[in-house]
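Student: Provided herewith is a single structure, encoded as structure tokens, for subsequent inquiry.
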Amino acid sequence: MSGGGVDEIPVTQIIHLALQRESKPALSDSGVWAEALDLVEPGAQRVYWGRSLEHPQHGQLHIVRRNLAQHHQFLKSDSYQQFLAIHERITGQPQKPVVRHAQIKSWTPNDPSLARGAPFVGTAIYLNTIDGWDDGAWPLWTHIVRHVGGCLGCAGGPVLEPVETCPGPLQKLLEGEKATQTFNRSYIVYVGWESPEKHDAFHHTEHFAKHFVILNCVNDGYAEYGHIVFEGSREKGIDIAAKM
1 MSGGGVDEIP VTQIIHLALQ RESKPALSDS GVWAEALDLV EPGAQRVYWG
51 RSLEHPQHGQ LHIVRRNLAQ HHQFLKSDSY QQFLAIHERI TGQPQKPVVR
101 HAQIKSWTPN DPSLARGAPF VGTAIYLNTI DGWDDGAWPL WTHIVRHVGG
151 CLGCAGGPVL EPVETCPGPL QKLLEGEKAT QTFNRSYIVY VGWESPEKHD
201 AFHHTEHFAK HFVILNCVND GYAEYGHIVF EGSREKGIDI AAKM
């Protein structure tokens, strides 16, 4: 991995979970879901969670720990199996989660995109990235998009293992429209927006057309594009942003 100080960036474990298809109720930090969070929280710097806006049956749980070894230890633990069992009770369906790890950091001042206030978060995984993306294209893009009306902040970082996915929007992966491919090096991004409409409108502007070449270079496209609505978070054992 390129970039100064990358080893000092905490590692975020991203657990993709199947949820009930209804968009409500939200997963608030109470009841059975709180019991599940109690199992993943020990040793974590932060825990936050949400679901896909376009596909509310698809959720993400983010666990921030100091290093990758701590995450691997958790996946081998009884606590992880207990967490899955509780989540199966909540959803009424077996869980076979996809688990990824990334060194995600904020790229803009006072960034609210990671469950810190942004009501909607655009996300994608850029595929087969090289150093020129990590150190050049993505940092440059964050300096451009942060000044766009409706954009609230940017976060992102390199994924630490190969990614098996389908290029294109998240729908292609969830509905099995195409066979999955494996990409050895990828970069996941999260961009907070005031609304998905403002995000979509930006894609149709002359400004976006002029600068889109930045996102198109030093990678082989993107996967799992969509929006996340984060529903709550815990930090150092304290619930600081749970909603509903």
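Start counting the sequence shown at 1; every next residue gets the next number (the UniProt record's numbering). Note that CB positions come from ideal geometry on N, CA and C, so glycine has one too.
Just to check my reading of the structure: S186 and T129 have Cβ atoms closer than 8 Å, yes? What is that Cβ distance to the nearest angstrom?
Tutor: For the purposes of this step, residue 186 is taken as the residue at position 186 of the sequence shown. For the purposes of this step, residue 129 is taken as the residue at position 129 of the sequence shown. Yes, S186 and T129 are in contact; Cβ-Cβ is about 6 Å, under 8 Å.
Student: Just checking my contact of D220 with L127 at CB under 8 Å: how many whole Å lie between their CB atoms?
Tutor: The count along the sequence shown starts at 1 and reaches residue 220 at position 220. The count along the sequence shown starts at 1 and reaches residue 127 at position 127. D220 to L127, Cβ: 5 Å. Contact.
Student: If you pair each beta-carbon of the segment 209-226 with each one of the segment 137-144, do three or more pairs fall below 8 Å?
Tutor: yes
Student: Within its chain, find whatever has a CB closer than 7 Å to the CB of G156; leave out the 5 residues flanking it on each side and keep chain order.
Tutor: Numbered from its first residue, the sequence shown carries residue 156 at position 156. So the qualifying residues of the chain are I104, W107, W138, Y187, I188, V189 and Y190.
Student: Mind checking whether P196 and L53 have CB atoms under 8 Å apart?
Tutor: In the sequence shown, the residue the question calls residue 196 occupies position 196. In the sequence shown, the residue the question calls residue 53 occupies position 53. Cβ atoms of P196 and L53: closer than 8 Å.
Student: Given that a residue counts as buried once 16 or more other Cβ atoms are within 10 Å of its Cβ, and exposed if not, what is G226?
Tutor: The residue given as residue 226 occupies position 226 in the sequence shown. Its Cβ being crowded by 16 or more others within 10 Å, G226 is buried.
Student: Give the list of continuous beta strand (DSSP E) stretches no shorter than 3 residues that lie fully inside the segment 86-173.
Tutor: 98-102, 120-127, 151-158 and 163-165
Student: Apply the 10 Å Cβ neighbour rule to H204 and answer buried if 16 or more other Cβ atoms are within range, or exposed otherwise.
Tutor: One-based indexing of the sequence shown puts residue 204 at position 204. Burial call: exposed.
Student: If we call anything under 8 Å between Cβ atoms a contact, is I63 one with Q13?
Tutor: Translated into positions along the sequence shown, residue 63 becomes position 63. Translated into positions along the sequence shown, residue 13 becomes position 13. Yes, the Cβ-Cβ distance between I63 and Q13 is below 8 Å.
Student: Roughly how many whole angstroms lie between the Cα atoms of P42 and E235?
Tutor: If you number the sequence shown from 1, residue 42 lands on position 42. If you number the sequence shown from 1, residue 235 lands on position 235. If I take the Cα positions, the gap works out to 11 Å.
Student: Since residue 253 sits in a beta bridge, which residues does DSSP pair it with?
Tutor: Outside the shown range of the chain (1 to 244) lies residue 253, about which nothing can therefore be said.
Student: Nearest-angstrom Cα distance between G117 and W193?
Tutor: Stepping through the sequence shown from its first residue, residue 117 is reached at position 117. Stepping through the sequence shown from its first residue, residue 193 is reached at position 193. Rounded to the nearest angstrom, the two C-alpha atoms are 10 Å apart.
Student: Starting from E231, follow the beta strand (DSSP E) in both directions and report where the run begins and ends.
Tutor: Counting from one through the sequence shown, the residue named residue 231 turns up at place 231. Counting along the chain, the beta strand (DSSP E) containing E231 begins and ends at Y222 to E235.
Student: Does DSSP classify S2 as helix, strand or coil?
Tutor: Counting from one through the sequence shown, the residue named residue 2 turns up at place 2. Confidence at S2 is low in this model, with a pLDDT of 42, below 50, so the placement of that residue should be treated as unreliable; the coordinate-derived value is given next. If DSSP states are grouped into helix, strand and coil, S2 belongs with coil.
Student: Taking just the CA atoms, how far does T182 sit from S23?
Tutor: The count along the sequence shown starts at 1 and reaches residue 23 at position 23. The count along the sequence shown starts at 1 and reaches residue 182 at position 182. Low confidence applies here, because S23 scores a pLDDT of 49, under 50, leaving its location unreliable; read the following figure in that light. If you draw a straight line from the Cα of S23 to the Cα of T182, it is about 30 Å long.
Student: Measure from the alpha carbon of V218 to the alpha carbon of each residue in F202, D134, V163 and R46, then state which is nearest.
Tutor: Looking up residue 218 in the sequence shown gives position 218. Out of F202, D134, V163 and R46, D134 has the C-alpha closest to the C-alpha of V218.
Student: Determine which residues share a DSSP beta bridge with Y190 and list them.
Tutor: Here residue 190 is taken as the residue at index 190 of the sequence shown, counted from 1. The partner list for Y190 (beta bridge, DSSP) reads T123 and A155.
Student: For E8, I'd like the list of residues in its chain whose CB is within less than 8 Å of its CB, leaving aside the five on either flank, ordered along the chain.
Tutor: The count along the sequence shown starts at 1 and reaches residue 8 at position 8. Result list for E8: empty, nothing under 8 Å.
Student: Going by the CB atoms, is the gap between I15 and P97 shorter than 8 Å?
Tutor: Position 97 of the sequence shown, counted from the first residue, corresponds to residue 97. Position 15 of the sequence shown, counted from the first residue, corresponds to residue 15. A contact, by the Cβ cut-off of 8 Å.
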